[in-house]
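J.: Numbering (the working numbering), first residue to last: 87 to 316. Where is the CB? At the ideal position from N, CA and C, for every residue including glycine.
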């Protein structure tokens, strides 16, 4: 009986020690784990949901199916909500962005670093001003300060603060699941401290063998409007 009890106590001690170590991770270690998983991911798919907040306080529901191949700089966003964008598609293909409008069967092509490519909502942060196609928070918010605000039930809650004065985004609150090291929630705040977006990443799957052709597909009969600089 004593041997069995001692064994159980030993197992409990190991589990508690592991939990304590997990909670003791600092922001740099959490970000390093996220970076390592992001770099090892060949392809990923997930459902992006949440809401965008207009300057007047109006909330816009967001639901988008996303496919991503970071190494090929290829990504696809199929819109479900908002209703005005339902069935529209945005495709990133290396140095170009394709905005496909379902109702008119037209696709407008932009340079990846053109701020109009995404309607000005997302500014480019990668090389040459092009969007950064990754879930690596260090790359998405390069140069920002980061700290762990709390840890609970297997999730780290990070705060990332923008050091750039007068920037449109002031800080971001990120929730990251331990073990998978995938951000599950991002809450973005503007320079006045008000929330501008609340985003959730669900149904995350990696390394399914998604092809570049599938990610970048646009109907062949779509009318092409090329807005790239010549």
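Is there contact here, the region 288 to 306 with the region 123 to 135, by at least three beta-carbon pairs under 8 Å?
T.: Judged by Cβ distances under 8 Å, the region 288 to 306 makes contact with the region 123 to 135, as three or more pairs qualify.
J.: Here's the rule: buried if 16 or more other CB atoms are within 10 angstroms of the residue's CB, otherwise exposed. What is residue 240?
T.: Within the chain shown, the letter at position 154 stands for residue 240. Its Cβ having fewer than 16 others within 10 Å, residue 240 is exposed.
J.: Secondary structure at residue 138, three-state DSSP: helix, strand or coil?
T.: As a first step, residue 138 must be located in the chain shown, where it is residue number 52. In the structure shown, residue 138 sits in a strand (DSSP, three-state: E or B).
J.: Grab me the residues of residue 215's own chain with a C-beta within less than 6 Å of its C-beta, minus the 5 sequence neighbours each way, in chain order.
T.: Numbered from 1 along the chain shown, position 129 holds the residue referred to as residue 215. Bear in mind that a pLDDT of 49 at residue 215, under 50, signals an unreliable position, so the model cannot answer this.
J.: By the three-class DSSP mapping on this structure, what secondary structure does residue 122 have?
T.: The residue given as residue 122 occupies position 36 in the chain shown. The answer is helix: DSSP assigns residue 122 an H, G or I state.
J.: Residue 157: which of 138, 111, 244, 297 sits nearest, CA to CA?
T.: For the purposes of this step, residue 157 is identified with residue 71 of the chain shown, where counting begins at 1. Of the candidates 138, 111, 244, 297, the one whose C-alpha sits nearest the C-alpha of residue 157 is 297.
J.: Residue 119 to residue 261, Cα distance in whole Å?
T.: Residue numbering aside, residue 119 sits at position 33 when the chain shown is read from its first letter. Residue numbering aside, residue 261 sits at position 175 when the chain shown is read from its first letter. So the alpha carbons of these two residues sit roughly 14 Å apart.
J.: Is the beta carbon of residue 177 less than 8 Å from the beta carbon of residue 162?
T.: Start at 1 with the first residue of the chain shown, and residue 177 comes out as number 91. Start at 1 with the first residue of the chain shown, and residue 162 comes out as number 76. Yes, the Cβ-Cβ distance between residue 177 and residue 162 is below 8 Å.
J.: When we look at the beta-carbon of residue 160 and count the other beta-carbons within 10 Å, is it buried (16 or more) or exposed?
T.: Here residue 160 corresponds to residue number 74 of the chain shown, with the count starting at 1. Buried: at least 16 other Cβ atoms inside 10 Å.
J.: Counting beta carbon pairs with one atom in the region 135 to 143 and one in the region 244 to 261, are three or more of them shorter than 8 Å?
T.: Result no; under three Cβ-Cβ pairs closer than 8 Å.
J.: Please work out which residues of its chain come closer than 7 Å, Cβ to Cβ, to residue 174, disregarding the five sequence neighbours upstream and downstream, and give them in chain order.
T.: Counting from one through the chain shown, the residue named residue 174 turns up at place 88. The answer, listed in chain order, is 165, 186, 187, 188.
J.: Reducing DSSP to helix, strand and coil, say where residue 298 ends up.
T.: Looking up residue 298 in the chain shown gives position 212. Three-state DSSP puts residue 298 in a helix.
J.: Using DSSP with H/G/I as helix, E/B as strand and the rest coil, what is residue 278?
T.: Numbered from 1 along the chain shown, position 192 holds the residue referred to as residue 278. Residue 278: coil per DSSP, three-state reduction.
J.: In angstroms, rounded to a whole number, what distance separates the CA positions of residue 311 and residue 190?
T.: For the purposes of this step, residue 311 is identified with residue 225 of the chain shown, where counting begins at 1. For the purposes of this step, residue 190 is identified with residue 104 of the chain shown, where counting begins at 1. Those two C-alpha atoms are separated by around 12 Å.
J.: Would you mind giving the Cβ-Cβ distance between residue 134 and residue 287, rounded to the nearest angstrom? I have them listed as a contact below 8 Å.
T.: Residue 134 sits at position 48 when you count from the first residue of the chain shown. Residue 287 sits at position 201 when you count from the first residue of the chain shown. Indeed, because the Cβ distance is near 6 Å, the residues count as touching under 8 Å.
J.: Measuring straight from C-alpha to C-alpha, what distance separates residue 271 and residue 221?
T.: Taking the first residue of the chain shown as 1, we reach residue 271 at position 185. Taking the first residue of the chain shown as 1, we reach residue 221 at position 135. Rounded to whole angstroms, residue 271 to residue 221 spans 11 Å at the Cα level.
J.: For residue 192, which residues in the same chain have their Cβ closer than 7 Å to its Cβ, ignoring the five residues on either side in sequence?
T.: Reading the chain shown from its first residue, position 106 is the one you call residue 192. Excluding residues within five positions, the ones whose Cβ falls inside 7 Å are 308, 309, 311.
J.: Would you identify the three-state DSSP class for residue 158, choosing helix, strand or coil?
T.: Here residue 158 is taken as the residue at index 72 of the chain shown, counted from 1. Reduced to three states, the DSSP call for residue 158 is helix.
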